[in-house]
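Trainee: Sending over a structure as structure tokens; questions will come in a sec.
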Amino acid sequence: MKHLLYIGNKLSNHGYTSTSIETLGAFLEGEGFRVFYASSKKSKVMRMCEMVFKTFRYAKKVDYVLIDTYSTKNFWYAFVISQLCRMLRVKYIPKLHGGNLPNRIVRSKFFSDLIFNNAYTNIAPSSYLYETFKQSGYTNLKYIPNTIELELYKESVKDFKTPRLLWVRSFAKIYNPVMAIKVFLKIREEFPDATICMVGPKKDDSYSKTVKFARKHNVDVVLTGKLSKPEWIELSKDYNIFINTTHFDNTPISVIEAMALGLPVVSTNVGGIPYLLEHNSNALLTNDDDVEDMAKQIKRLLSEPNLADSLSRKGKESVKDFDWEVVKKQWTELLV
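If you want the numbering used here, it's the 1-based position in the sequence shown plus 12.
Following this line, the structure appears as structure tokens:
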């Protein structure tokens, strides 16, 4: 049995969205790996301390250390743990996350080189990050996509008489949640019976700003907070269009899940999105923060015969390779 230490933000018990450390970690446990984790501490300082402590504790007991690597402050977790792994002579594998990571490796090139050039390998979950890192001179790369259990996502019958918009993401500036309300206002001008639901936990003041903007414009938005996967899959049956308003992105699991559910997706065309979605093929795309065009693309789903059905079918076809039954072979080949 192979033993792994997984470093990341394991914070769903504090009300945050589950991240790779919880989803991939559980998948790997299901394949027979023994996985230790750090950290579920809410405080960033305490989280860092536990990550360091467990790296020391398990360095001689594990075969690899997986490190979820982000572009924001959490980038420094990856830096500290990766260098500690070097000192302790344990193989470490950064798993790259976030559409803004390409900017981080430019801003922090010295530290990025120390992390990524000395890794056992770097896992890029999107072609976008794979190509960006390759162009930046990193050669020890492997593409393994983000993954879902496809069998969990059952398609429901939709009609497209009235827009019923669904947004699923953390309320954070990077995901531009206020844009969803602005788009809805444009939609409501033509479809007064339209509805909108926004699912996700609060991450910064974007939540309060979104609520304030919605109230100011008399938008009756359904705000569910964080939902479990089964809960939001069930909720999705009541909606017919999935919108993604992010400023930066990689290959968002929520979009992959929406496609698996057969929901037509309308998204901003940023970061890794064009590696996942193709305009007029498996989704409809707009420029970043382009409220007018996103509203226009949504209206097309109601005015153009068969467009929604075509996007739905091609979307489901596009995400087949993200199924864990496919992806697990790549992880086991790497780790065994």
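Beta carbons are placed, not taken as given, at the ideal position from N, Cα and C, and that holds for glycine.
Specify, as a first and last residue, the run of the alpha helix (DSSP H) that Pro42 falls within.
Mentor: Checking the sequence, you will find Gly at residue 42 rather than Pro. Per DSSP, Gly42 belongs to the alpha helix (DSSP H) from 32–42.
Trainee: Going straight from the alpha carbon of Arg312 to that of Glu290, what length do you get?
Mentor: Computed Cα separation, rounded: 16 Å.
Trainee: Using the C-alpha atoms, what's the distance from Lys72 back to Lys66?
Mentor: Answer to the nearest angstrom: the Cα atoms are 11 Å apart.
Trainee: Could you check the C-alpha separation between Asn256 and Tyr142 for me, to the nearest Å?
Mentor: Taking the straight line from one Cα to the other gives about 22 Å.
Trainee: Per DSSP, what are the beta-bridge partners of Ala272 in this structure?
Mentor: In DSSP, Ala272 forms no bridge with anything.
Trainee: Beta strand (DSSP E) containing Pro106: first to last residue?
Mentor: Segment 104–108, the beta strand (DSSP E) holding Pro106.
Trainee: Output needed for Lys170: all residues of its chain with C-beta closer than 6 Å, excluding positions within five of it in sequence on either side, in chain order.
Mentor: Correct list, in chain order: Asn252.
Trainee: DSSP beta-bridge partners for Val77?
Mentor: For Val77, which the question treats as bridged, DSSP gives the partners Leu17, Tyr104.
Trainee: Between the region 187–195 and the region 224–241, do three or more beta carbon pairs fall short of 8 Å?
Mentor: With the cut-off at 8 Å, the region 187–195 and the region 224–241 touch.
Trainee: Counting Cβ pairs closer than 8 Å, one from the region 19–37 and one from the region 210–224, do we hit at least three?
Mentor: Yes, the region 19–37 touches the region 210–224.
Trainee: Say whether the region 123–142 touches the region 296–304, bearing in mind that this needs 3 or more beta-carbon pairs closer than 8 Å, one atom from each stretch.
Mentor: Counting Cβ pairs under 8 Å, fewer than three are found: no touch.
Trainee: Within the region 109–175, note down every full beta strand (DSSP E) run reaching 3 residues or more, in order along the chain.
Mentor: As far as the region 109–175 is concerned, its whole beta strand (DSSP E) runs of at least 3 residues are 134–136, 153–155.
Trainee: Do Gly327 and Gly111 have their C-beta atoms closer together than 8 Å?
Mentor: No.
Trainee: How should Phe68 be labelled, buried or exposed, when 16 other C-beta atoms within 10 angstroms of its C-beta is the threshold for buried?
Mentor: With fewer than 16 other Cβ atoms within 10 Å, it is exposed.
Trainee: CB of Leu40 to nearest heavy atom of the ligand ATP: below 7 Å?
Mentor: The ligand ATP is not part of this structure, which contains no ligands at all.
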